[in-house]
DNA sequence: TACATATTAGTACCTGGTTCTAAAACGGTG
DNA sequence: CACCGTTTTAGAACCAGGTACTAATATGTA
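Protein chains in written order, with this note's numbering: chain A, 1 to 198; chain B, 1001 to 1198.
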C-alpha cells in the first residue's frame, strides 16, 4: 500500500470513528505509531483528545440552543385567547450555510408555535394553515411575530389565528392558522389535527 | 465557606462551564487542588477529559443525524421538475417529550424541503403554501412524503408543487406549495420569497 | 486534651499524545 | 555497484490533566 493510499484510508477510518487512538490505528494499518503520527501531521488531523474537545465544544452551543428550539422563538407577550408576540433571532444554525438564508420551517415554526401558544387549552394542535413567505430572512435578522386570535369556537372546536412576522418594519411572513383545541387528551379518533403546543 | 457550600458552588461552576480544569477551579474557589479533587470524587464529577469525551460521544449520534436535518427527511427518489419521495423517521428530538407528538414544523419541514428539492434550479424558495395537518404524527412513526410538480413556469417564474405525507397508508399531511425559482442569485428586490433549497 | 474531620502536600503513575534526533529500509539513478 | 532522497521506524524527553496513595497539618468540638 502506498503512502497516499494509507493516508486516504486513515482519513476514512477517523471519519468513520473519530474516537480511535493512534495505537488502534497501528493495528488497522499495520504501520508503526510514528508513521501514523507523521500521517496525521501531514493531513492536519489533531490528536484524539483535541478531536473530542472540538466535538464537545461544537455541540455544546447546539445543546444550549435546543431549549430555545422547543418553542421556536421567545414569547415576550401573551394574552391567552387574544394575542401574543414572539421574538426569534436568526442564528447560524437556522440558515443554509451556503447562502445565509433562513430555512423556511424555522420561520414557520416560530409562527406556528406562537399560534398554538395563544390558544388557552390543554392541547392545541395546528389543523391547517395558509402561509406566505413574503421575503426571505437572512442570518442575524430578528423576527418579531405577532399573533391575533380572530375567532374562537367553544372547547373542542377550532380557533383561527393570524400571525404576521416582521423584521423591523418589513413584513417577512404571514400565516393564517386553524388550531384545534380539546380539553381532554383522548379526542383522537379521526380528528383532523397535528402539531405544536407551547 | 463550608464544605457543602463549596461543593455546591463547584457544581454550579462546572455546570456553567464544563470545560474548566481543576487548576482553574483552585483559583475560583481558593482551595488547594487536592481539595478540588476530593470534592469531585465525592460528587462523582469525572475529570475534564472524561467530561469532554462523554459530551462528544453523547452528541456524536446527534451530529450524525444533523445532515439529515438540513433536508428534513432523506430523499430516496427524485425526478427533477417532476416528482420526489422522502422518508423521515420521527425520533425523540422531533416530538414534544410531554406527549410524544411530532412538532409541526418538522412535518412541514420535510414537505417543504422536498417541494423545493424537486425544483431543478439554482435557488428555489418557498413563496407560499397551503397546508393541512390531517392527523397528528407520533414518536417512532415513519413519514413518507410524496411530491408532484403540478405546473412549471419558465426560469424565474413559479412552480406549483403538491406534497402528501403518509404514515403507512394513512395521510397525515398535505400541502400545496408555490415555489419561486430564479437562475441568477441577484433577483432580490422585493421578491416574494423565502425558504429552503436542498 | 484528645479525637474526628477537613485540608494540604507530595510522590508515583497513567494515557495519549508532541517534539526532536537518529537510525534503518526502500527505491530509483547514474 | 554505490549514492541519494524519501519513507519508515525507533527511542528518549517532555507535556497536560489527571488518578491513587501516603502522610502531614489544620480546625473544630466534645
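Cβ atoms here follow ideal geometry from the backbone N, Cα and C, with glycine treated the same way.
Item                                                                                                                                                                        : Value
Going along chain B in order, which residues have a C-beta closer than 7 Å to the C-beta of residue 129/A?                                                                  : 1131
Helix, strand or coil for residue 1108/B per DSSP?                                                                                                                          : helix
If the cut is a Cβ gap below 9 Å, which residues of chain B does residue 125/A touch?                                                                                       : 1101, 1104, 1133 and 1136
For residue 6/A and residue 45/A, I'd like the C-alpha separation in whole angstroms.                                                                                       : 14 Å
Determine the contact status of residue 145/A and residue 86/A, defining contact as a CB-CB distance below 7 Å.                                                             : yes
According to DSSP, which residues form a beta bridge with residue 94/A?                                                                                                     : DSSP output for residue 94/A lists no bridge partner at all.
Throw me the rounded Cβ distance for the residue 1120/B and residue 1080/B pair, which I believe falls under 8 Å.                                                           : 4 Å
Between which two residues does the alpha helix (DSSP H) containing residue 1146/B stretch?                                                                                 : Premise fails: residue 1146/B lies in the beta strand (DSSP E), 1142-1152, not in any alpha helix (DSSP H).
Who are the Cβ neighbours of residue 1056/B in its own chain at under 8 Å, not counting the five residues just before and after it?                                         : none
Leaving out five residues on either side along the sequence, give the residues of the same chain with a beta carbon under 6 Å from the beta carbon of residue 78/A.         : 84
Buried or exposed: where does residue 1/A fall if 16 or more other Cβ atoms within 10 Å of its Cβ makes it buried?                                                          : exposed
Would you mind telling me which residues of chain A sit closer than 7 Å to residue 1109/B, beta carbon to beta carbon, in chain order?                                      : 105
Quick one: is residue 1199/B buried, meaning 16 or more other Cβ sit within 10 Å of its Cβ, or exposed?                                                                     : An answer regarding residue 1199/B cannot be provided, because it is not within the stretch 1001 to 1198 covered by chain B.
Please check if any C-beta of chain A sits within less than 7 Å of the C-beta of residue 1017/B.                                                                            : no
Using a C-beta to C-beta distance shorter than 7 Å, which residues of chain B count as neighbours of residue 56/A?                                                          : 1052, 1055 and 1056
At the level of alpha carbons, what is the spacing between residue 54/A and residue 1019/B?                                                                                 : 11 Å
State the CB to CB distance for the pair residue 131/A and residue 1128/B, rounded to an integer number of angstroms; the pair is presumed to be in contact (CB under 8 Å). : 6 Å
Using 10 angstroms around the beta-carbon of residue 15/A, count the other beta-carbons present and answer buried if the total reaches 16, otherwise exposed.               : exposed
If you draw a straight line from the C-alpha of residue 103/A to the C-alpha of residue 94/A, how long is it?                                                               : 6 Å
I'd like to know if residue 1064/B contacts chain A, where contact means its C-beta is closer than 7 Å to some C-beta of that chain.                                        : Caution applies to residue 1064/B, whose pLDDT of 42 falls short of 50 and renders its modelled position unreliable; the value that the coordinates give is listed next. It does not; no Cβ of chain A falls within 7 Å.
Taking 8 Å as the limit between beta carbons, can you name the residues of its chain near residue 1090/B, skipping five residues before and five after?                     : 1102, 1106, 1137, 1138, 1139, 1140, 1141, 1142 and 1143
Measuring only the C-alpha atoms, how far is residue 39/A from residue 30/A?                                                                                                : 13 Å
Measure the beta-carbon distance from residue 75/A to residue 114/A and round it to whole angstroms, keeping in mind my assumption that it falls under 8 Å.                 : 7 Å
Beta strand (DSSP E) containing residue 1132/B: first to last residue?                                                                                                      : 1123-1133
Are any of the Cβ atoms in chain B nearer than 7 Å to that of residue 112/A?                                                                                                : yes
Taking residue 1176/B as the reference, which of 1153/B, 1149/B, 1167/B and 1168/B has the closest Cα?                                                                      : 1149/B
Assuming residue 1004/B is part of the alpha helix (DSSP H), what are its boundary residues?                                                                                : 1003-1016
Spell out the partners DSSP gives residue 1158/B in its beta bridges.                                                                                                       : 1180/B
Nearest to residue 1021/B by CA position, among 1050/B, 1170/B and 1073/B, is which residue?                                                                                : 1050/B
Answer with buried or exposed for residue 1181/B, where buried requires no fewer than 16 other C-beta atoms within 10 angstroms of its C-beta.                              : buried
Anyone know if the C-beta pair for residue 153/A and residue 163/A falls short of 7 Å?                                                                                      : no
Which residues in chain A have a C-beta closer than 9 Å to the C-beta of residue 1040/B? List them in chain order.                                                          : Going along chain A, no residue has its Cβ under 9 Å from residue 1040/B, so there is no contact; the nearest lies around 18 Å.
Here's the rule: buried if 16 or more other CB atoms are within 10 angstroms of the residue's CB, otherwise exposed. What is residue 1017/B?                                : exposed
Helix, strand or coil, according to DSSP, for residue 19/A in the structure here?                                                                                           : coil
Would you mind sorting residue 1110/B into buried or exposed? The rule is 16 or more other CB atoms within 10 Å of its CB.                                                  : buried
Name the chain B residues whose beta carbon is nearer than 8 Å to that of residue 163/A?                                                                                    : Chain B residues near residue 163/A: none, gap ~13 Å exceeds 8 Å.
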